[in-house]
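Q:
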Amino acid sequence: MDTTQTSRSKILVQRETRSAYLFLLPSLVFFLGFVIFPMILCVYTSFFDATMGKNVADKFIGVQNYLELFSDGIFLKALKNTLIIVLVSVPAVAIFSLWVSSLIYKMKGPLLSAFRCIFYLPVVTGSVAVTVVWKWMFHNYYGLFNYVGTHTGMMEQNINWLGDARFALPCIILILFTTSVGQPIVLYVSALGNVDDSLVEAAKVDGATDLQLFWKIKWPQIMPTTLYILVITTINSFQCFALIQLLTSGGPNHSTDTVMYYIYYTAFKLYRYGYGNAMGVILAVIIALLSALQFQLAKEK
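Throughout the sequence shown, residue numbering follows our numbering, covering 144 to 444 in sequence.
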């Protein structure tokens, strides 16, 4: 009897396993064909002088593309700009999102929903539409900022925000910041709402201050959410492309070039696909290392 039941259980498990893999098969095919294969192809072609048949046949050159990267002044400047964007925007997004969430997570009903909708709206709005609005606001002749600045006496004359190397990159960071805080705020509101109230009440009875409550009780419980936000925001900041393409095209004088934009320019304007893929590999390695570092720091906390 027991042997028969065991045999039936094994058959049932095998059937469920086959069914599960059949349901996963479409996603698995998509993942292998559109994620894994392009990644392998990217690494492979990074060792070639690849033009995809534009001019001449692809030629194997080993690590020459990688050696050229570190003597390419434009790439180094793009990498520097990208790191500045990441180092400024990621902490700013995390801190601002946590601050806003701490103020609104206890709100009830329509008021909380309204705040979440306001902050999340730029996320679901098309990036092109958002960028066009910001481009109008920064316009050097009839933009909103110049109009308000000159008519209130804060500015003596119009500023070419996106055409001046002093202001172009900070403007890009500001736009990226406003479009990046929506999701972290929603996540933090949810995480703070799930903090164990019994621990908070016990700490209050023991005389804990608001700062102690946050640092000792709430912060450890929202650490997984914080880690997720840091990793996702870091990746999104490294992949900043649409803003650059639509607003400045890397100018003026490459002051807003990012690695992602330079990859696009090299591959699709200069037709140097092998060189562009080498940049992509370097960018992927940097993102992986920073993500691993963030995970390690989170574990130590």
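Note that the Cβ used here is the ideal one computed from N, Cα and C, for glycine as well.
Going by C-alpha to C-alpha distance, which of PHE384, GLU299 and ALA237 sits closest to TYR371?
A: For the purposes of this step, residue 371 is identified with residue 228 of the sequence shown, where counting begins at 1. Of PHE384, GLU299 and ALA237, the residue nearest in Cα terms is ALA237.
Q: Between ILE378, ILE154, GLN382 and LEU317, which has its C-alpha nearest ILE406's C-alpha?
A: Counted from its first residue, the sequence shown places residue 406 at position 263. That would be GLN382, whose Cα lies nearest to the Cα of ILE406.
Q: Helix, strand or coil, according to DSSP, for ILE302 in the structure here?
A: Here residue 302 corresponds to residue number 159 of the sequence shown, with the count starting at 1. Three-state result, ILE302: coil.
Q: So, SER333 versus THR368, is the Cβ gap smaller than 9 Å?
A: Taking the sequence shown and counting its residues from 1, one reaches residue 333 at position 190. Taking the sequence shown and counting its residues from 1, one reaches residue 368 at position 225. Going by C-beta atoms, SER333 is nearer than 9 Å to THR368.
Q: Could you check what DSSP says for PHE177 in three-state terms: helix, strand or coil?
A: Numbered from its first residue, the sequence shown carries residue 177 at position 34. Residue state, collapsed to three classes: helix.
Q: Determine which residues share a DSSP beta bridge with PHE191 and list them.
A: Start at 1 with the first residue of the sequence shown, and residue 191 comes out as number 48. Answer is PHE203.
Q: So, is LYS361 buried or exposed, given that buried needs 16 or more other C-beta atoms within 10 angstroms?
A: The residue given as residue 361 occupies position 218 in the sequence shown. Buried: at least 16 other Cβ atoms inside 10 Å.
Q: What does the Cβ neighbour count give for THR401, buried or exposed, with the cut at 16 atoms within 10 Å?
A: Taking the sequence shown and counting its residues from 1, the one referred to as residue 401 is at position 258. THR401 should be labelled buried.
Q: Would you mind sorting ASN420 into buried or exposed? The rule is 16 or more other CB atoms within 10 Å of its CB.
A: Locating residue 420 in the sequence shown gives position 277, where the first residue counts as 1. With 16 or more Cβ atoms within 10 Å of its Cβ, ASN420 is classed as buried.
Q: Would ALA200 pass as a contact of ARG415 if the rule is Cβ separation under 9 Å?
A: By 1-based counting over the sequence shown, the position of residue 200 is 57. By 1-based counting over the sequence shown, the position of residue 415 is 272. No.
Q: Report yes if the CB atom of LEU389 is closer than 9 Å to the CB atom of THR268, and no otherwise.
A: Numbered from 1 along the sequence shown, position 246 holds the residue referred to as residue 389. Numbered from 1 along the sequence shown, position 125 holds the residue referred to as residue 268. Going by C-beta atoms, LEU389 is not nearer than 9 Å to THR268.
Q: Just to confirm my understanding: we take LYS442, look at its own chain, exclude 5 residues before and 5 after, and list those with CB closer than 6 Å. What are they?
A: Sequence index remark: in the sequence shown, residue 442 carries index 299 (1-based). Counting only Cβ-Cβ distances below 6 Å, and skipping sequence neighbours, we find nothing.
Q: Please confirm whether GLY417 and ILE261 have their CB atoms less than 9 Å apart.
A: On the sequence shown, residue 417 is found 274 positions in, with the first residue counted as 1. On the sequence shown, residue 261 is found 118 positions in, with the first residue counted as 1. Cβ distance not < 9 Å, so GLY417 and ILE261 don't count as in contact.
Q: Indicate the three-state DSSP secondary structure (helix, strand or coil) for LEU413 in the structure shown.
A: Within the sequence shown, the letter at position 270 stands for residue 413. It is coil, neither helix nor strand.
Q: Kindly indicate which residue of ALA163, TYR284, VAL276 and VAL324 has the alpha-carbon position closest to the one of VAL233.
A: By 1-based counting over the sequence shown, the position of residue 233 is 90. When only C-alpha atoms are compared, the closest one is VAL324.
Q: From the DSSP output, in three-state form, read off GLN382 for me.
A: On the sequence shown, position 239 is the one that residue 382 refers to. In the structure shown, GLN382 sits in coil (DSSP, three-state: anything other than H, G, I, E or B).
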